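Here the protein sequences come in this chain order: E and Z.
Quick note on this note's numbering: the first sequence kicks off at 0 and runs consecutively.
Quick note on this note's numbering: the second sequence kicks off at 1252 and runs consecutively.
Using N, Cα and C, we set each Cβ at its ideal position, and we do this for glycine too.
Here the structure is a predicted model, which means the values were calculated and not measured.
Let me begin by presenting the structure, written as structure tokens, before commenting on it.
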Amino acid sequence: DAKTTQPTSMDCAEGRAANLPCNHSTISGNEYVYWYRQIHSQGPQYIIHGLKNNETNEMASLIITEDRKSSTLILPHATLRDTAVYYCIVGTGANNLFFGTGTRLTVIP
Amino acid sequence: EPEVTQTPSHQVTQMGQEVILRCVPISNHLYFYWYRQILGQKVEFLVSFYNNEISEKSEIFDDQFSVERPDGSNFTLKIRSTKLEDSAMYFCASRPGQPPYEQYFGPGTRLTVT
Chain E
0 DAKTTQPTSM DCAEGRAANL PCNHSTISGN EYVYWYRQIH SQGPQYIIHG
50 LKNNETNEMA SLIITEDRKS STLILPHATL RDTAVYYCIV GTGANNLFFG
100 TGTRLTVIP
Chain Z
1252 EPEVTQTPSH QVTQMGQEVI LRCVPISNHL YFYWYRQILG QKVEFLVSFY
1302 NNEISEKSEI FDDQFSVERP DGSNFTLKIR STKLEDSAMY FCASRPGQPP
1352 YEQYFGPGTR LTVT
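Here it is in structure tokens:
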């Protein structure tokens, strides 16, 4: 599975959009981009995934560049409950998930 | 909304004792996983299970560990003789059989070995 690079930490003001970047320059054609988050010590929570096109669901939007080498997770109106570690994971999904260190997002009141 | 459940939420055991961690995956999912997270460290894959057998395991998953799906709903992780370094959060996950294969995680069991 392709490796990803994410910033270690980010801050975002409550109510503003949080934009979390991820680089995955070695992604293969059949690999998805998955985003998960982990709030404190809870189980990781699936957020969204994408293959080529931009995706949106009730939690977030995912913007994937045309060359698929990077992506951005957007939380449109961050709340304090969105404070968590966000993981960008690339893979076919058929195998286990490889969790890196992720981005620790802190939403500030 | 269906969810993965795990019991117990916290297990304290003495070194050398056997523990069984239990999970109920989402009912129509076909693939099951165990991960662990030592305090302050990354989430690490332990084992995946499909069609009543292990499909993949990490080097962490040695002979002290075993998994079982004893009936149609439960999925268990057994540690035969616990060590201090087995203290961690253990997460169960499941996923459907069709792409894009997103995994759904349970809330975890905190295992403390004393």
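Span separating the alpha-carbon of residue i from that of residue j
| i | j | result |
| --- | --- | --- |
| G99 of chain E | K1293 of chain Z | 7 Å |
| T102 of chain E | A17 of chain E | 12 Å |
| N1302 of chain Z | G14 of chain E | 45 Å |
| V89 of chain E | D66 of chain E | 14 Å |
| A77 of chain E | T71 of chain E | 15 Å |
| Q1349 of chain Z | C1343 of chain Z | 19 Å |
| I46 of chain E | A1339 of chain Z | 24 Å |
| A12 of chain E | K1329 of chain Z | 44 Å |
| T55 of chain E | T1333 of chain Z | 44 Å |
| G92 of chain E | N29 of chain E | 10 Å |
| E1252 of chain Z | L19 of chain E | 27 Å |
| I1289 of chain Z | D1337 of chain Z | 8 Å |
| S60 of chain E | K51 of chain E | 13 Å |
| E1319 of chain Z | F1326 of chain Z | 6 Å |
| I1305 of chain Z | I73 of chain E | 36 Å |
| E1353 of chain Z | S1345 of chain Z | 9 Å |
| T4 of chain E | S27 of chain E | 16 Å |
CB contact check: residue i to chain E, cutoff 8 Å
| i | result |
| --- | --- |
| M1340 of chain Z | yes |
| G1299 of chain Z | Note that residue 1299 of chain Z is Ser in the sequence shown here, rather than Gly. Yes, its Cβ sits closer than 8 Å to a Cβ of chain E. |
| G1357 of chain Z | yes |
| E1252 of chain Z | no |
| Q1268 of chain Z | no |
| P1354 of chain Z | Residue identity check: residue 1354 of chain Z is Gln in the sequence provided, not Pro. Yes, because at least one Cβ of chain E sits closer than 8 Å to the Cβ of Q1354 of chain Z. |
| E1310 of chain Z | no |
| E1307 of chain Z | yes |
| F1296 of chain Z | yes |
Minimum Cβ-Cβ distance from residue i to chain Z less than 8 Å
| i | result |
| --- | --- |
| L79 of chain E | no |
| P43 of chain E | yes |
| G28 of chain E | no |
| H48 of chain E | yes |
| Y31 of chain E | yes |
| L96 of chain E | yes |
| S70 of chain E | no |
| S40 of chain E | yes |
Pick from the options that is closest to residue i, judged by C-alpha positions
| i | options | result |
| --- | --- | --- |
| I1311 of chain Z | Z:M1340, Z:S1278, Z:Y1286 and Z:H1280 | Z:Y1286 |
| P1321 of chain Z | Z:G1291, Z:F1300 and Z:H1261 | Z:F1300 |
| T64 of chain E | E:G92, E:N56, E:V32 and E:Q5 | E:V32 |
| I107 of chain E | E:L79, E:Y86 and E:Y35 | E:L79 |
| R1273 of chain Z | Z:E1252, Z:T1363 and Z:G1357 | Z:G1357 |
| L96 of chain E | E:D10, E:Y86 and E:L104 | E:Y86 |
| L1281 of chain Z | Z:G1323, Z:T1256, Z:G1359 and Z:G1267 | Z:G1323 |
| T105 of chain E | E:T3, E:R36, E:N22 and E:C21 | E:R36 |
Residues near residue i by beta carbon distance below 6 Å, same chain, minus five either side
| i | result |
| --- | --- |
| K1308 of chain Z | V1298 |
| R1331 of chain Z | E1269 and Q1315 |
| K68 of chain E | S24 |
| P6 of chain E | T102 |
| L1261 of chain Z | One detail in the question is off: residue 1261 of chain Z reads as His in this sequence, not Leu. Closer than 6 Å at the Cβ level, and outside the excluded window around H1261 of chain Z, lie R1361. |
Residue i beta carbon near the ligand PLP (any heavy atom closer than 7 Å)
| i | result |
| --- | --- |
| R1361 of chain Z | With respect to small molecules bound, the structure shown includes none, and the ligand PLP cannot be examined in it. |
Residues near residue i in its chain [Cβ-Cβ closer than 8 Å; skip 5 each side]
| i | result |
| --- | --- |
| T1264 of chain Z | V1270, T1333, L1362, T1363, V1364 and T1365 |
Cut-off 7 Å between Cβ atoms - residues of its own chain near residue i, not counting five sequence neighbours on either side
| i | result |
| --- | --- |
| M58 of chain E | I46 and I47 |
Let me know the beta strand (DSSP E) ranges lying completely inside the segment 1318-1343 of chain Z, each 3 residues or longer, listed in chain order. 1326-1330
Inside the segment 15-49 of chain E only - alpha helix (DSSP H) runs reaching at least 4 residues: none
What residue ranges within the segment 1256-1306 of chain Z form continuous beta strand (DSSP E) runs of no fewer than 3 residues, ordered along the chain? 1256-1258, 1261-1264, 1270-1275, 1282-1288 and 1294-1301
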